[in-house]
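Participant: Chains as they are written, first to last, in UniProt numbering: chain A, 1 to 218; chain B, 1 to 181.
Idealized CB from N, CA, C, for every residue including glycine.
Every value quoted in this text rests on a predicted model; they were computed, and no experiment measured them.
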Amino acid sequence: MHNVKHHLTDQLLMAYSAGTLPEAFNLIVAAHVSMCDDCRAQLASFDSVGGALLDGTDSQPVAEDCFAETMRLITSGALSPVKRPSPSAQGASVLPAPLRDYVGGDVDKVKWKPIGMGVKQAILPTSKEASARLLYIPAGTAVPDHGHRGMELTLVLQGAFVDETDRFGRGDIEIADEDLTHTPVADIGEDCICLAATDAPLRFNKLIPRIAQPFFRI
Amino acid sequence: MKTKYDPTDWITHMTRIRDDQDQTAFAELFQYFAPRVKAFLMRSGADATLAEECTQEVMATLWQKAHLFDASRASVATWVFTIARNRKIDALRKQRRPEPEDLDWGPEEEPDQADILSLQQESEQLGRAIAALPAKQRELIEKAYFGDLSHSEIADQTGLPLGTIKSRIRLALDRLRHAMK
Ligand SMILES: [Zn+2]
Ligand SMILES: [Zn+2]
Numbered sequence: 001m002h003n004v005k006h007h008l009t010d011q012l013l014m015a016y017s018a019g020t021l022p023e024a025f026n027l028i029v030a031a032h033v034s035m036c037d038d039c040r041a042q043l044a045s046f047d048s049v050g051g052a053l054l055d056g057t058d059s060q061p062v063a064e065d066c067f068a069e070t071m072r073l074i075t076s077g078a079l080s081p082v083k084r085p086s087p088s089a090q091g092a093s094v095l096p097a098p099l100r101d102y103v104g105g106d107v108d109k110v111k112w113k114p115i116g117m118g119v120k121q122a123i124l125p126t127s128k129e130a131s132a133r134l135l136y137i138p139a140g141t142a143v144p145d146h147g148h149r150g151m152e153l154t155l156v157l158q159g160a161f162v163d164e165t166d167r168f169g170r171g172d173i174e175i176a177d178e179d180l181t182h183t184p185v186a187d188i189g190e191d192c193i194c195l196a197a198t199d200a201p202l203r204f205n206k207l208i209p210r211i212a213q214p215f216f217r218i
Numbered sequence: 001m002k003t004k005y006d007p008t009d010w011i012t013h014m015t016r017i018r019d020d021q022d023q024t025a026f027a028e029l030f031q032y033f034a035p036r037v038k039a040f041l042m043r044s045g046a047d048a049t050l051a052e053e054c055t056q057e058v059m060a061t062l063w064q065k066a067h068l069f070d071a072s073r074a075s076v077a078t079w080v081f082t083i084a085r086n087r088k089i090d091a092l093r094k095q096r097r098p099e100p101e102d103l104d105w106g107p108e109e110e111p112d113q114a115d116i117l118s119l120q121q122e123s124e125q126l127g128r129a130i131a132a133l134p135a136k137q138r139e140l141i142e143k144a145y146f147g148d149l150s151h152s153e154i155a156d157q158t159g160l161p162l163g164t165i166k167s168r169i170r171l172a173l174d175r176l177r178h179a180m181k
């Protein structure tokens with residue numbers, strides 16, 4: 001919780017607050033914020049900006065029966081029941097709550113599919129504008145070097161990886177775009193589990209991964 | 001023109017709604033916020049009919065969730081904003097927006113009065129700081145929040161190059177931060 005070194009950008013936090021991101025990015029932002037108190041505080045201030053904007057906006061007159069209709073909605077019981085946000089698991093689990101909701105449990109419930117060299121992945125069901133997947137990289141193993149066509153966010157959930165830019169441990173998020181070509185290598189100490197979200201297929205630099213890419217959907 | 005009001009007053013309204021299901025308090029809150037929620041939804045791309053319908057749902061949710069409102073964590077306006085934003089994502093954008101896991105706040109404690117007061121003061125300060133932003137910066141921030149547009153889509157719509165937009169938003173955020181100090 002306290003050792004997070006690599007954070008979300010203001011741009012991403014603001015877009016999450018405004019509600020303009022595709023689902024896969026919403027998921028990775030929610031997962032990082034679950035693990036990072038700095039970004040949680042920053043997000044709260046972006047929500048306050050939204051509140052202040054709403055407060056200061058010009059109003060749009062509502063229909064005469066709007067209040068009566070609202071009261072009818074309240075008394076009719078037609079509203080879906082209140083869902084409290086999932087409580088924190090107090091560091092007992094590898095996956096933060098928003099991810100556990102997608103997986104249906106902690107890491108032991110992930111349906112991994114091998115993609116070669118001991119690396120496994122599980123694609124999570126999100127809307128098609130962007131994709132989210134869990135990656136399992138055995139300690140010491142490299143993910144083939146690749147560039148990015150869009151934006152790729154990678155959040156470390158267990159272990160760590162190192163690439164040309166830095167070392168990323170649990171809770172850290174790497175933000176990669178067109179300008180970065182990198183070869184992430186899982187740290188030797190422990191198998192690495194990450195959540196990756198991207199809005200475009202990665203561009204692998206080596207021939208074999210490029211051919212395999214449509215099959216792996218990475 | 002913005003109606004003058006004491007923002008701490010909305011907290012009392014929320015308490016009355018939560019503890020006594022007070023319809024008078026709800027009606028007053030409704031009168032202030034429902035037209036703003038509707039405007040927000042229309043600026044996000046809803047037509048008047050859909051915006052009206054969603055406004056009813058947002059305000060009903062506010063009543064229903066009154067027990068979850070915590071005045072030491074958010075102003076009432078921010079609370080309304082987050083409910084309206086979630087409704088916008090469901091109804092207009094058809095995306096899911098998972099929430100971060102909740103911190104443990106302990107057993108249903110009444111929040112500290114000093115925390116509530118300082119949060120309300122900061123919220124007022126933020127409101128003034130936003131109102132004081134140069135028009136162009138304020139417009140871009142409003143577009144980023146209300147327009148349901150990513151930065152590159154804002155560029156298409158305003159004809160401003162992407163770099164200018166990003167730096168203007170950044171500048172606006174810096175100013176806000178400065179104003180908050
Ligand atoms: Zn962070
Ligand atoms: Zn990458």
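1. With DSSP run on the structure shown, which of helix, strand or coil describes E178 (chain A)?
2. At what residues does the alpha helix (DSSP H) containing G127 (chain B) begin and finish?
3. Counting along the chain, where does the alpha helix (DSSP H) carrying E152 (chain A) start and finish?
4. At a cut-off of 6 angstroms, would you count D191 (chain A) as near ligand 1, judging by its Cβ distance to the nearest heavy atom?
5. Look up P22 (chain A) in the DSSP assignment and say whether it is helix, strand or coil.
6. Tell me which same chain residues have a C-beta within less than 7 angstroms of the C-beta of residue 182 (chain B), skipping the five on either side of it?
7. Does the segment 172-192 of chain A come close enough to the segment 151-158 of chain A that 3 or more CB-CB pairs lie under 8 angstroms?
8. What does the alpha-carbon distance come out to for the pair E110 (chain B) and R73 (chain B)?
9. At a CB-CB cut-off below 7 angstroms, which residues of chain A make contact with P35 (chain B)?
10. How about R36 (chain B) and E23 (chain A): do their beta carbons lie closer than 7 angstroms?
11. Can you look up F81 (chain B) in the DSSP assignment and give me helix, strand or coil?
12. Thinking just about the alpha-carbon of each residue, which of B:R87, B:A66, B:W10, B:P98 is nearest to the one in E28 (chain B)?
13. In chain order, what residues have a CB nearer than 6 angstroms to some heavy atom of ligand 1?
14. For P98 (chain A), count neighbouring C-beta atoms within 10 Å of its own C-beta (all shown protein chains included) and say buried if the count is 16 or more, exposed if not.
15. Less than 6 angstroms separating the Cβ of A176 (chain A) from some heavy atom of ligand 2?
16. Could you give the C-beta distance for R18 (chain B) and H67 (chain B), rounded to a whole number, given that I count them as a contact under 8 angstroms?
17. Between the C-alpha atoms of C54 (chain B) and R87 (chain B), what's the straight-line distance to the nearest angstrom?
18. By a C-beta neighbour count over all protein chains shown, 10 Å radius and 16 as the cutoff for buried, is G140 (chain A) buried or exposed?
19. So does E139 (chain B) have its beta carbon nearer than 6 angstroms to some heavy atom of ligand 2?
20. Using DSSP with H/G/I as helix, E/B as strand and the rest coil, what is I188 (chain A)?
21. Taking 6 angstroms as the cut-off, does the CB of E164 (chain A) come closer than this to any heavy atom belonging to ligand 2?
Facilitator: Short version:
1. Numbered from its first residue, the first sequence carries residue 178 (chain A) at position 178. DSSP places E178 (chain A) in coil when its eight states are reduced to three.
2. Against the second sequence, residue 127 (chain B) aligns to sequence position 127. Counting along the chain, G127 (chain B) sits inside the alpha helix (DSSP H) bounded by residues 113-131.
3. Here residue 152 (chain A) is taken as the residue at index 152 of the first sequence, counted from 1. Premise fails: E152 (chain A) lies in the beta strand (DSSP E), 152-158, not in any alpha helix (DSSP H).
4. As a position in the first sequence, residue 191 (chain A) is number 191, starting the count at 1. Answer for D191 (chain A): no, Cβ out of range of ligand 1.
5. Position 22 of the first sequence holds residue 22 (chain A). Of the three classes helix, strand and coil, the one that applies to P22 (chain A) here is coil, per DSSP.
6. A question about residue 182 (chain B) goes unanswered here, because the residues of chain B that appear run from 1 up to 181.
7. The answer is yes - the segment 172-192 of chain A touches the segment 151-158 of chain A, with three or more Cβ pairs under 8 angstroms.
8. Position 110 of the second sequence holds residue 110 (chain B). Position 73 of the second sequence holds residue 73 (chain B). Approximately 12 angstroms, taken between the alpha carbons.
9. Against the second sequence, residue 35 (chain B) aligns to sequence position 35. Those are S59, Q60, P61, V62, listed as they occur along chain A.
10. For the purposes of this step, residue 36 (chain B) is identified with residue 36 of the second sequence, where counting begins at 1. For the purposes of this step, residue 23 (chain A) is identified with residue 23 of the first sequence, where counting begins at 1. Taking 7 angstroms as the Cβ cut-off, R36 (chain B) and E23 (chain A) do not qualify as a contacting pair.
11. Counting from one through the second sequence, the residue named residue 81 (chain B) turns up at place 81. In this structure, F81 (chain B) counts as helix in the three-state DSSP scheme.
12. Your numbering for residue 28 (chain B) matches position 28 in the second sequence. Ranked by Cα distance from E28 (chain B), the first of B:R87, B:A66, B:W10, B:P98 is B:W10.
13. Qualifying residues come out as A:V4, A:H7, A:L8, A:H32, A:C36, A:D38, A:C39.
14. As a working note, residue 98 (chain A) is residue 98 in the first sequence. Residue burial is scored here from C-beta neighbours: P98 (chain A) has at least 16 other C-beta atoms within 10 angstroms and is therefore classed as buried.
15. Position 176 of the first sequence, counting from 1, holds the residue named residue 176 (chain A). Within the cutoff, so yes.
16. Stepping through the second sequence from its first residue, residue 18 (chain B) is reached at position 18. Stepping through the second sequence from its first residue, residue 67 (chain B) is reached at position 67. Their Cβ separation, rounded to whole angstroms, is 5 angstroms, which keeps R18 (chain B) and H67 (chain B) in contact under 8 angstroms.
17. Taking the first residue of the second sequence as position 1, residue 54 (chain B) is located at position 54. Taking the first residue of the second sequence as position 1, residue 87 (chain B) is located at position 87. Between the alpha carbons of C54 (chain B) and R87 (chain B) lies a gap of roughly 7 angstroms.
18. By one-based count along the first sequence, residue 140 (chain A) stands at place 140. Result: exposed.
19. Residue mapping note: residue 139 (chain B) aligns to position 139 of the second sequence, counting from 1. Remark: the shortest separation between the CB of E139 (chain B) and any heavy atom of ligand 2 does not fall under 6 angstroms.
20. Counted from its first residue, the first sequence places residue 188 (chain A) at position 188. I188 (chain A) falls in the coil class under three-state DSSP.
21. Translated into positions along the first sequence, residue 164 (chain A) becomes position 164. E164 (chain A): no, Cβ never under 6 angstroms from ligand 2.
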